[in-house]
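Take 102 as the starting number for the sequence shown in my numbering and just add one per residue.
A short worksheet on the structure shown next.
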Amino acid sequence: MIKINLLPDHLRPIQRTPLPYIASFVVLGVVVAGLISVFITQRAKLSGIRTELASEQAALAKLQDIVNEANVLAEKKLGLQTKIQTIQDILSDRIVWSEQLYRLTSLTPDNIWYHDINVVWETFPEEVVETDPKTHEPVKDPKTGKVKTKRTKVKKPVLEVSGYVVDDEAGRQEVFPLTVATVNNPEFSKYFTLLQPRLKDTEFNGFQVRDFTLPYLIGTGGTG
């Protein structure tokens, strides 16, 4: 039997093809597959980077002791350079210690005697010019044009003179006659600058005495 559709064209059912839907699913599948591939690739790269980072951190941890030791050696080197420079400065001014000690003795009152004379190294704050680590030239402030300075700590030699003071003719135990004499003596103060004295009352062989330590910063001559 032959079927004849007598409906007008606009009322006839449209015969839809599934090809566009199939094509859409195929494209969607390709996009999803591409995204999954990119995700897997990026995750693999991230995993590799994490592994490399962990390896570098482990290697750095092994070298940390060496780095710390190098930093300590660098600080010691800087300290030694400062000491060497100071010693060279002192030697260049030719401090004759036998003369200076004899001069100190001649300036000492009769009621004072010494039990220790030493040279020690002490740390002092100091303003130094800031220099560029590459060019070693002074660094200038871009706003003011002035050379920058920074506060640092340096080790300097100090002459420590320690002893006892007994009663003088007036019954007093005073150190200032010695300190005044050393400060006012041009040949002694040329090389030695008096710092803050340390005093305490004590007993020596059953006698009341004043124990003192006079620290003198050792200079380079001509600055006292």
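Ideal Cβ positions, reconstructed from N, Cα and C, are used throughout, including at glycine.
* Could you check which residue in Arg204, Ser290, Val281, Lys244 has the C-alpha nearest to that of Leu318? => What you label residue 318 is simply residue 217 of the sequence shown in a count that begins at 1. Relative to the Cα of Leu318, the nearest Cα in the group Arg204, Ser290, Val281, Lys244 belongs to Ser290.
* Mind checking whether Thr280 and Leu295 have CB atoms under 8 Å apart? -> Taking the first residue of the sequence shown as position 1, residue 280 is located at position 179. Taking the first residue of the sequence shown as position 1, residue 295 is located at position 194. Closer than 8 Å, so yes.
* To do: Would you kindly work out how many angstroms separate the C-alpha atoms of Ile185 and His216, rounded to a whole number?
  => As a position in the sequence shown, residue 185 is number 84, starting the count at 1. As a position in the sequence shown, residue 216 is number 115, starting the count at 1. Whole-angstrom Cα-Cα distance: 28 Å.
* **Sub-8 Å separation of Asn306 and Asp268 beta-carbons** => Along the sequence shown, one-based indexing puts residue 306 at 205. Along the sequence shown, one-based indexing puts residue 268 at 167. Taking 8 Å as the Cβ cut-off, Asn306 and Asp268 do not qualify as a contacting pair.
* Inspect the beta-carbon positions of Val255 and Glu231 and report whether they are closer than 8 Å. => Your numbering for residue 255 matches position 154 in the sequence shown. Your numbering for residue 231 matches position 130 in the sequence shown. No, the pair does not count as a contact, with Cβ atoms beyond the cut-off.
* **Residue range of the alpha helix (DSSP H) that includes Thr61** => Absent from the structure is residue 61, since the part of the chain shown begins at 102 and ends at 325.
* Asked: Any idea what DSSP makes of Gly264, helix, strand or coil?
  -> As a first step, residue 264 is located in the sequence shown; it is residue number 163 there, counting from the start. The answer is strand: DSSP assigns Gly264 an E or B state.
* To do: Output the distance between the C-alpha atoms of Ala134 and Thr152, rounded to the nearest integer angstrom.
  => Within the sequence shown, the letter at position 33 stands for residue 134. Within the sequence shown, the letter at position 51 stands for residue 152. Approximately 27 Å, taken between the alpha carbons.
* To do: Quick one: using the 10 Å Cβ neighbour count with 16 as the cut-off for buried, is Tyr203 buried or exposed?
  => Within the sequence shown, the letter at position 102 stands for residue 203. By the neighbour-count rule (16 or more Cβ atoms within 10 Å), Tyr203 is not buried but exposed.
* Asked: Do you know whose CA, among Thr142, Trp222, Ala155, lies nearest Leu181's CA?
  -> Within the sequence shown, residue 181 is the residue found at index 80, counting from 1. It is Trp222.
* Asked: Secondary structure at Arg151, three-state DSSP: helix, strand or coil?
  -> The residue given as residue 151 occupies position 50 in the sequence shown. Arg151: helix per DSSP, three-state reduction.
* Taking the alpha carbon of Asn335 as the point to measure from, which residue in Ser156, Leu161, Glu261 has its own alpha carbon closest? -> Outside the displayed span of the chain (102 to 325) sits residue 335, for which this structure offers no information.
* Please check the pair Val259 and Val266, which I expect to be a contact at CB under 8 Å, by giving their CB distance rounded to whole angstroms. => Start at 1 with the first residue of the sequence shown, and residue 259 comes out as number 158. Start at 1 with the first residue of the sequence shown, and residue 266 comes out as number 165. Contact annotation, Val259 with Val266: C-beta distance approximately 21 Å; criterion of less than 8 Å not satisfied.
* To do: Would you mind sorting Leu129 into buried or exposed? The rule is 16 or more other CB atoms within 10 Å of its CB.
  => As a working mapping, residue 129 is identified with position 28 in the sequence shown. Result: exposed.
* Which residues share a DSSP beta bridge with Thr314? -> Counted from its first residue, the sequence shown places residue 314 at position 213. Thr314 pairs with Ser263, Arg299.
* What residues in its chain sit with their C-beta under 7 Å from that of Gly264, if we drop five residues either side in the sequence? -> Looking up residue 264 in the sequence shown gives position 163. Apart from sequence neighbours up to five positions away, the residues of its chain that approach Gly264 with a beta-carbon distance below 7 Å are Ile213, Trp214, Tyr215, His216, Phe313, ordered along the chain.
* Asked: How long is the line joining the alpha carbons of Gly325 and Phe293, rounded to whole angstroms?
  -> Residue numbering aside, residue 325 sits at position 224 when the sequence shown is read from its first letter. Residue numbering aside, residue 293 sits at position 192 when the sequence shown is read from its first letter. Any reading at Gly325 needs caution, since the residue's pLDDT is 37, under 50, leaving its predicted position unreliable; the model's value is listed next. So the two alpha carbons sit approximately 7 Å from each other.
* Span separating the alpha-carbon of Ala175 from that of Asp166 -> As a first step, residue 175 is located in the sequence shown; it is residue number 74 there, counting from the start. As a first step, residue 166 is located in the sequence shown; it is residue number 65 there, counting from the start. Spanning the two alpha carbons is a distance of roughly 14 Å.
* **Residues bridged to Asp217 (per DSSP)** => Position 116 of the sequence shown, counted from the start, is the residue given in the question as residue 217. Beta bridge pairing from DSSP links Asp217 with Ser263.
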